[in-house]
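Reading through the structure tokens given below for one structure.
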Amino acid sequence: PGIVSKVLEGIASSVEECQNRFRNRKWNCTTQKRSLRKILQHDYRETAFVFAITSAGITFTVSKACSLGELQGCGCNARK
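Those letters in the sequence shown? Residues 9 to 88, per my numbering, in order.
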């Protein structure tokens, strides 16, 4: 698996975590395009949270894969 698959995995985990955090709120981190687009086009607290948790999910997933040697050409591979 390449880095793109790990990025997609990170996005999926961030959506899951976002939905978990907001499960009892009016906006529950829905991934419906219309709703998500509306949130991302405005300066809401939720917008900042979505960007932050998505960045964190991608960073965590890619760095974990890198450290486990699952990505070729990765600088943090323990086997080097």
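Built from N, CA and C at the ideal position, the CB exists for glycine as well.
Beta-carbon proximity list for residue i, same chain, < 6 Å, skipping 5 on both sides
i: Gly18; result: Gly65, Ile66, Thr69
i: Arg29; result: none
Cβ neighbour criterion (16 or more within 10 Å) applied to residue i
i: Ser22; result: buried
i: Ala73; result: buried
Residue i and residue j closer than 7 Å at C-beta
i: Ile61; j: Thr55; result: no
i: Leu76; j: Ile11; result: no
i: Gln27; j: Asn36; result: yes
Range covered by the alpha helix (DSSP H) that runs through residue i
i: Gln27; result: 11 to 29
i: Glu78; result: First-last for Glu78: undefined, no H or E at that position.
Close-in-space but distant-in-sequence residues of the same chain around residue i (CB under 7 Å, 5 per side omitted)
i: Val15; result: Ile66, Val70
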